[in-house]
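Trainee: Protein chains in written order, with this note's numbering: chain E, 595 to 788; chain F, 42 to 671.
1. Express the C-alpha separation of residue 185 of chain F and residue 62 of chain F in angstroms, rounding to a whole number.
2. Helix, strand or coil for residue 633 of chain F per DSSP?
3. Using only CA atoms, which one of E:770, E:641, E:761 lies nearest to residue 695 of chain E?
4. Below 7 Å on C-beta distance, what does residue 633 of chain E contact in chain F?
5. Report yes if the CB atom of residue 557 of chain F is closer than 9 Å to the CB atom of residue 536 of chain F, and no otherwise.
6. I want to see whether chain B comes within less than 9 Å of residue 271 of chain F, judged by CB atoms only; does it?
7. Which value, in whole angstroms, describes the spacing of the CA atoms of residue 735 of chain E and residue 773 of chain E?
8. Report yes if the C-beta distance between residue 683 of chain E and residue 671 of chain E is below 9 Å; otherwise report no.
9. Output yes if chain F places a C-beta closer than 9 Å to the C-beta of residue 788 of chain E; else output no.
10. Taking the alpha helix (DSSP H) that residue 685 of chain E falls in, what are its first and last residues?
11. Using CA atoms only, rank isn't needed, just tell me which of E:647, E:740, E:618, E:783 is closest to residue 718 of chain E.
12. Could you list the residues in the stretch 667 to 678 of chain E with a C-beta less than 7 Å from some C-beta on chain F, going in chain order?
13. Nearest by alpha-carbon distance to residue 341 of chain F: which of F:280, F:328, F:319, F:315 is it?
14. Between residue 183 of chain F and chain E, is any beta-carbon pair separated by less than 9 Å?
15. Please report how far the alpha carbon of residue 640 of chain F lies from the alpha carbon of residue 269 of chain F, in whole angstroms.
16. Are the CB atoms of residue 358 of chain F and residue 426 of chain F nearer to each other than 9 Å?
17. Comparing the C-beta of residue 62 of chain F with each C-beta of chain E, is any distance below 9 Å?
18. Determine, using beta-carbon pairs with one atom in the stretch 291 to 310 of chain F and one in the stretch 196 to 204 of chain F, whether at least three such pairs fall under 8 Å.
19. Who are residue 623 of chain F's beta bridge partners in DSSP?
20. Taking any Cβ of chain F, which residues in the stretch 689 to 721 of chain E have a Cβ under 8 Å from it, in chain order?
21. What span of residues does the alpha helix (DSSP H) with residue 662 of chain F cover, start to end?
22. Name the one or two DSSP bridge partners that residue 469 of chain F has.
23. Could you check the C-alpha separation between residue 434 of chain F and residue 362 of chain F for me, to the nearest Å?
24. How about residue 288 of chain F and residue 345 of chain F: are their beta carbons less than 9 Å apart?
25. Nearest to residue 80 of chain F by CA position, among F:163, F:142, F:144, is which residue?
26. Rounded to whole angstroms, what is the Cα-Cα separation between residue 296 of chain F and residue 237 of chain F?
27. Chain F beta carbons: is any one of them nearer than 9 Å to that of residue 643 of chain E?
28. So is residue 664 of chain E in contact with chain F if we call contact Cβ pairs under 9 Å?
29. Indicate whether residue 266 of chain F and residue 155 of chain F have their beta-carbon atoms separated by less than 9 Å.
30. With distances taken Cα to Cα, identify the nearest neighbour of residue 381 of chain F among F:369, F:394, F:348.
31. Expressed to the nearest angstrom, what Euclidean distance is found between the alpha-carbon atoms of residue 567 of chain F and residue 519 of chain F?
32. Curious, which full-length alpha helix (DSSP H) runs of at least 4 residues does the stretch 475 to 553 of chain F contain?
33. Could you name the residues of the stretch 726 to 755 of chain E whose beta carbon sits closer than 8 Å to any beta carbon of chain F, in the order they occur along the chain?
34. Can you look up residue 316 of chain F in the DSSP assignment and give me helix, strand or coil?
35. If we count Cβ pairs, one from each stretch, closer than 8 Å, do we get three or more for the stretch 536 to 552 of chain F versus the stretch 86 to 95 of chain F?
36. To the nearest whole angstrom, what separates the beta carbons of residue 368 of chain F and residue 436 of chain F, a pair I think is in contact under 8 Å?
Structure (C-alpha cells):
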C-alpha cells in the first residue's frame, strides 16, 4: 500500500514547470526577434531593388564582437558560480560581464566614428542608413540588457543571488546571451549582405 | 472585503509562498496605479469608452460633410474653431484638410485605442485570471506598466488633435511619402510626429500586455485546467496576444524607419520627389517597402480586433442557448488557422501597388482560404443556437448581432479577396462598407455584448435590460442602414477619402443615399448614449447582482460577487470538466460548472466520464511546485 502511494505521488507532475519570469523573458525575446527580422528583411528587399552603395564594416566591429563574446562567457561563469554559492567569483564575473558590455558599447561608438570618416552617414543611400539603424537598435537593446544586468549586479553584491535563488541571474543571463547572439547575427548579416 | 483578504492571506501563508502581501492599500495604489487585473481591466474599459465616443463623434462630423456637402457648419465653429471657415455671408465650411485629419483619427482611434486596447485590454485582463483560476496576472507590475504606457500614448494622441496644423492626416495607414513630407498635408507636420510617438508607446503597451496574457494562460492555470478545458474566450485571447507579440514589433519597425525619414533626413521610403519644381535630396527609398511592413502588422491587426470579440461571443452564445458550444475543437482549430493565415495574406491590401500578377494570385488564394475557418466559426455559432433554449439577454442579442455582421461582412470579403475585383473596388466605399461590417461593427458588438454579460462580475450590479434591448435594436438597425447602402455607393464608384463629390455630375445620383446614411449614422450614435447612460447609472444604482446571474459554467462565477484582491477567498477551485456542460441529459440542473467533479454527477456522466472519476484524485493531488517562486 505504501509503495503504491509513493508511486502515485511520483507520477503526479507539478503543474508549473517553467517559471513565469523565464517565460516572460522568452516572449520578450520573440518580440525583439520579430523587430530585427522585419528590419533585416526590409534591408534585403530594399537591397534587391538596386541603387545600393556597398560599404565596408569598420575593423573595430571584429574586436567588439569578441568583446561581447567574452562578456557572455563571464555571464556564464557568473551563473555557474552562483549555482555553487561562490560569492567572490560571482561578484568578479558579473562585474566583468557588465564592464565588457560597456566596453562593447564604446567600441560600437568608435565604429560609428570610423564609418563617418569613411564617408558613410545616416543620411544618404539607404545602405548606410540601415547600417546605423541596425547597429543603433542593437545598441539600444544592449543598454536595456545592461539595466537588467545592473539589477543582477546589485543583487549579487547584496548576496541575494545564490544556489536557492537563481531566477534573477538566469533571466538576466538568458537575455544577455540573446543580445550577444543577436549581435553576431547582425554582424554576419552585414558582412555577407553588404 | 476584509474577511476575503484575510482568507487569502492565511491560505497563501499556509501554502508557504506570500503571493499577495495584502495590506490596506492607499487610494492611489488601489484605483490608479493598481496592479490588480480587475482594476486595470476597468481602466482600459473606461478609456476605451471615452475614445469610442471621441472616434464616433468624429465620424459624425465627416458623415455630415459627406451627406450634406452644402450644409452650413457655422454651428460647429465653437467646437472646431478654425477648422470651420466662415464665408462673408456667415455660412461655415469644414476645412478639407481637417476632413482628412478626421478620417485618419477616426480610423486610428477605433482600430487601436478602442478595438485593440479597449477590447483586448479590458477582457483579456479581466477574464484570463478569473477563467483560468489565477490570483492575478503573471506580472502585476508589467500589467500596470502596460496600462500607463497606453495612457501616455492616449494623452499624446489626444494632444495632437489640438495642434494648430491639426492631427495626422495621411489616413490611418500613414503611407509615405504623404505622411513623410510636411509639405504634403498640414496633418503630416507635427500631427504626424505625435501620431508616431503615440503609436510607438502604444506598441510597447500592447507588447507588455500580450506577453502577460500568454504567460498567465500557460503558467498560471489552476489544478485540472488542461488546455482542452479552457473556455473559448481564453483561447481567443491567447491567439490574439500571440498575434500581437509577433506583429506589433513589425509596425514598430515601419514606424521607426518613418520617424528617421521624417526627422533625420534618411531615405528609406523617399525617392525622386519634386516639390514646387525642386527635387528633394532623398534618393533610393521605396514607399512600397513601408506598405509591406505596415500590412504585415496591419492584417494581423484586424484579427487582433475580431478574435477577442469572437471568443466572447462563443461564451455568450453557448451560455444563453443553454447548449454546449458546437464543435469546441473546431472552434480552436479555426482560430488557430485564422491566426496562422493572418501572417501570409498581407499583400491583398496591396494589389494596387503594381505587384506581379502571379504573386497577386498567390496572395489571393491564401486570402480566400481564410473563408474556410471563418465559415466554420459562423456555422458553429448557428448550430449552437439551433434548437437551443435561447435566452435573449442583451448580451445574447449583441452576440447574435455579431454573427450577423460577421457573415454579411465576410461575404464581401470573398469578393474583395479576388485581385481582379479588388483592383476595381479598391479605394471605393465598397471596401469601407466591408471592413466596417466585418471587423468594425462586429468587434464593437462583441465588446458591448461582453460588457453586458460580464458587467455583474465587474461591478456587482446588473444593467437595465429594457434599455439594453432598445440600445441593441437601434444600433443593429442603424449599423445596417449605414453600411448596407454603402456597398451600392462603392459599386457606383465613389472613391474613399474624398472631401466632397458634388463637383462630379455622375455622383449626384446618389446624393440622397449619402444623406440617408448620415441620418442612420446619427441614429446609431444616439443609441450609444442610451448605453453610456445605462452603464454609468448601473455602476452606482443598478440592481444588485446574484452570484451567477446567467447560470454560467466558467470559473469567474464561483468568486464572490465582488471579488477582492486575489479573486478567491480560500483555495482556488479545481477544474474537472470542460466549460460547456449545458443541458446535459440526465442532469437536473441545466448547467454544471467546471468545478463540479464527475463523481458528484453520476446521473449525467457519459461512460468515458465515469472512467475519469478515478483521475479526479490525481488532479487534486497536483502540487504547485514551490521550488519555482512566483
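Glycine is no exception: its CB is placed at the ideal position from the N, C-alpha and C atoms.
Just so it is clear, the structure is predicted and the values come from calculations on it, not from any experiment.
Mentor: According to the structure data:
1. Summary for residue 62 of chain F: the model assigns pLDDT 45, below 50, so the residue's position carries little reliability; its value from the coordinates is reported in the next sentence. One alpha carbon belongs to residue 62 of chain F, the other to residue 185 of chain F, and they sit about 17 Å apart.
2. coil
3. E:770
4. 294
5. no
6. As a matter of chain content, chain B is missing from the structure shown, whose protein chains are E and F.
7. 8 Å
8. yes
9. No, no contact with chain F.
10. 681 to 711
11. E:647
12. For chain F, none of the residues of the stretch 667 to 678 of chain E brings a beta carbon within less than 7 Å of one of its beta carbons.
13. F:280
14. yes
15. Those two C-alpha atoms are separated by around 20 Å.
16. yes
17. Bear in mind that the predicted position of residue 62 of chain F carries a pLDDT of just 45, short of 50, making it too unreliable to give a figure here.
18. no
19. F:632
20. 716, 717, 718, 719, 720
21. Here the alpha helix (DSSP H) through residue 662 of chain F covers 648 to 662.
22. F:536
23. Taking the CA atoms as reference points, residue 434 of chain F sits about 10 Å from residue 362 of chain F.
24. yes
25. Nearest option by C-alpha distance: F:163.
26. Rounded to whole angstroms, the separation of the alpha carbons of residue 237 of chain F and residue 296 of chain F is 6 Å.
27. Output row for residue 643 of chain E: interface = yes.
28. no
29. no
30. Per the Cα distances, F:348.
31. Rounded to whole angstroms, residue 567 of chain F to residue 519 of chain F spans 10 Å at the Cα level.
32. 483 to 500, 506 to 532
33. Residues of the stretch 726 to 755 of chain E whose Cβ lies closer than 8 Å to any Cβ of chain F, in chain order: 727, 731.
34. strand
35. Per the Cβ contact rule, the stretch 536 to 552 of chain F is not in contact with the stretch 86 to 95 of chain F (fewer than 3 Cβ pairs under 8 Å).
36. Going by Cβ atoms, the distance from residue 368 of chain F to residue 436 of chain F rounds to 21 Å, so no, they are not a contact pair.
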